[in-house]
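Residue numbers (my numbering): 1 to 97. Right, one structure below, let's go through it.
In structure tokens, the structure reads:
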């Protein structure tokens, strides 16, 4: 993994979104040389992918919140990397079918 990608993976959602917003503003303002514009655009795309990834992870975490016995909330163990044990089609482990 390159240093730039590692740094991108370390960004929180709020940080990535703020940088993406700044990048979009810079691109919209124009006035930069072509190569810098392309570099900013590439960074913006990478930031957008990072934000989408973090949102998808957050959505999965929220979906995994299940109401346990007596109304207590419990969080099921997550396996985001495709390990066995994933519940197909968004089903919640232990939920009545």
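Ideal Cβ positions, reconstructed from N, Cα and C, are used throughout, including at glycine. From a predicted model like this one, the values you see are computed outputs, not experimental measurements.
- Per DSSP, residue 31 lies in no alpha helix (DSSP H) segment and is marked neither H nor E.
- DSSP places residue 17 within a helical segment (H, G or I) once states are collapsed to three.
- Within its own chain, the residues whose Cβ lies closer than 7 Å to the Cβ of residue 20, once the five positions on either side in sequence are excluded, are 44, 47, 48 and 51, listed in chain order.
- Taken through DSSP and simplified to helix, strand or coil, residue 11 comes out as coil.
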